[in-house]
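Reading the sequence shown from the start, the letters are residues 28 to 579 in our numbering. All C-beta atoms in this analysis are idealised placements derived from N, C-alpha and C, irrespective of residue type, glycine included. One structure is given below, encoded as structure tokens.
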Amino acid sequence: MNNIYADAAFINGAVITAADDGSLTEAVAVKGNKIIYTGTTAGLEKAMRTSAEQRIPVIDLNGRTLMPGIIDTHYHPILFGLIGDGPDASIINTFRTNCKSLADILGLVKEAALIKKPGEWVSMMGYEPTLLPEQRHPSITELDAAAPDNPVHCMHGGGHICVYNSRALAYIGVMKPADAAKYPDDEVEVKDGKLTGIVRGHTHFKLWGHVDYPEEAQKNAALKAQRHCLENGVTSVHDAGEFGGTSYHLMQKLCGSGEFKIRTYMMLHDIFGKARSMEENACWIKLGLMSGLGDTRFRIGPCKFMIDGGSGAPSCGTREPFSHDPSLPREFGWHREEVAEYIKIINDAECQATAHAIGDEAIEYMVGGYEKAFLTNPRPDLRHRIEHCTITDQNLIERMAAMNICPSVNVSSLSKLGKKFVDFYGDERNKYICAIRSMLDSGIRCSLHSDAPSYPAGLAILDAAVNRYDRTNGFQCDRTQAVSVLEAIRCMTYNGAYASFEENIKGSIEQGKLADLIVLSDNVLNIPPEDIHKLKVDITMIDGKIEYEREP
Ligand SMILES: [Zn+2]
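Printed below as a string of structure tokens:
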């Protein structure tokens, strides 16, 4: 190629293109917001010498990895950003980084109650009972004592189980144990004849809906998440759902104005429960609109719903009981037939469908539902999805492959809960937890995600996919489903673009594609794989502009 007029160039790198041919190269040039050259450094320098008048920034990578920006296919920017460490945060951080014990959590409830006016909500998220020294959830009496005049929402890190105090339970008419019977089995927990404060599933999401997160707080939250994305090399997110109309509107506005630079594929889903989510999807389908509407900055994604509980705690919809405690309820917010009917509606509307499904039984509902819908209207072109898709088996995987189902796999949960998964699900099921190896071998184009704020984002996903090591508990998980660095990167980039019908414009380093690029602190193909977790993101470029550079 001759006469390159570029705006920026990267040379002497270990460039992972993530293209179909798996090619590795050395140099990339960018003009405007597009990639205009990939190839050798010598080739680029030769072409650029013919236009010596150019004075453009040339970044010498010195052997570092340059790769496509990470596409995190399940991330909640607003929810992520609402979480803060202090008692005045919209959602108080009770993850282990901020709360080491139940006493820490209750201390923050007390402090928050002192700051807030009586009746104002105290909202919290993050703790994992099995990672606390007390090995349990907080109790309703503890929350009542810490905040007698404020409703308290103290949510588990996975988001599906929450402990509420008495003031909070009153919002859904639960004043005494007998009131629990108004709700589906196990959703409002009663133990030894007493309310425990634990609320699960859609009743929890509905009750959470009484907490108000004002638009201004949501805006600041999205911008905070943007910093998190840039630092972690995430250039696109699939927003897996926030707080309804206010959030859709806000995200479209922020993306349109360029204030929020992370490309966003917005799933139609409302965190505040089944009824609200179904209502929003029905509006969309009634208008006759289809998934993919929008531009490279903001696009409408799939109609999403939520079938089962979480993998932590655990409360997901598995076929067999949990290994460590068979008495724990497995939470299903939807019936098998209901799932099939709903998928048919979405499929016939020519929209992409997806649902949160973690346990193998919940995933079976999805796979069976797609099969039923495809009997009369086979639509592999709609690239239907399954969110998390944590516990599968070979049979489910082959059926997914036959329909071109594109699971978004929550592999970074292993880096926090991998050791616990052995207790919860036993050795056999662990061979098919986040089964990326088997999915790729069956021809499935799976993408990977963090589900931030629940699990770590960015290169932590690469580490989890390659090493399958629990970094929180120092534990090597089963390696049956491990994949290579190049395979994992392809899942985190190209397959992510495929999941939003955008593989022709992004997701790999090829001429003509959008210049969403990241530079790592070393050559990921040269270092021992177990050191991937030490890698940093040095540069994040979106749309041809460097939006983040790590301080040396
Ligand atoms: Zn999620």
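Paired residues, beta bridge with residue 261 - DSSP: 97
Quick one: is residue 388 buried, meaning 16 or more other Cβ sit within 10 Å of its Cβ, or exposed? buried
Could you give the distance in angstroms between the alpha-carbon of residue 328 and the alpha-carbon of residue 474? 15 Å
Does the distance between the C-beta of residue 248 and the nearest non-hydrogen atom of ligand 1 fall short of 6 Å? no
Just to confirm my understanding: we take residue 439, look at its own chain, exclude 5 residues before and 5 after, and list those with CB closer than 6 Å. What are they? 477, 482, 483, 487, 488, 491
Residue 213: beta carbon under 6 Å from a heavy atom of ligand 1? no
Which residue spans inside the stretch 365-418 form an unbroken beta strand (DSSP E) run of at least 3? 380-384, 412-415
Which first and last residues belong to the beta strand (DSSP E) in which residue 547 is found? 544-547
Going by C-alpha distance, which of 410, 398, 360 is nearest residue 381? 410
How should residue 412 be labelled, buried or exposed, when 16 other C-beta atoms within 10 angstroms of its C-beta is the threshold for buried? buried
At a cut-off of 6 Å, would you count residue 384 as near ligand 1, judging by its Cβ distance to the nearest heavy atom? no
Return the residue from the list 576, 569, 579 that minimises the CA-CA distance to residue 95. 569
Should the stretch 160-179 be called in touch with the stretch 202-211, which here means at least 3 C-beta pairs below 8 Å? no
By the 10 Å Cβ neighbour count, where 16 or more other Cβ atoms means buried, how is residue 309 classified, buried or exposed? exposed
Which of the three DSSP states is assigned to residue 299 in this structure? coil
Residues near residue 86 by beta carbon distance below 8 Å, same chain, minus five either side: 35, 36, 37, 38, 546, 566
Should residue 435 go down as buried or exposed, given a rule of 16 or more other Cβ atoms within 10 Å for buried? buried
For ligand 1, is there any heavy atom lying closer than 6 Å to the beta carbon of residue 497? no
Using a threshold of 7 Å, state whether the C-beta atoms of residue 43 and residue 524 are closer than that. no
Measure the Cβ-Cβ separation of residue 386 and residue 330 and say whether it is below 7 Å. no
In or out: residue 580 buried (at least 16 other Cβ within 10 Å) or exposed? For residue 580 there is no data in the structure shown, the boundaries of the chain being 28 and 579.
Just to check, is the beta-carbon of residue 206 closer than 6 Å to a non-hydrogen atom of ligand 1? no
Quick one: what's residue 120 bridged to in DSSP? 152
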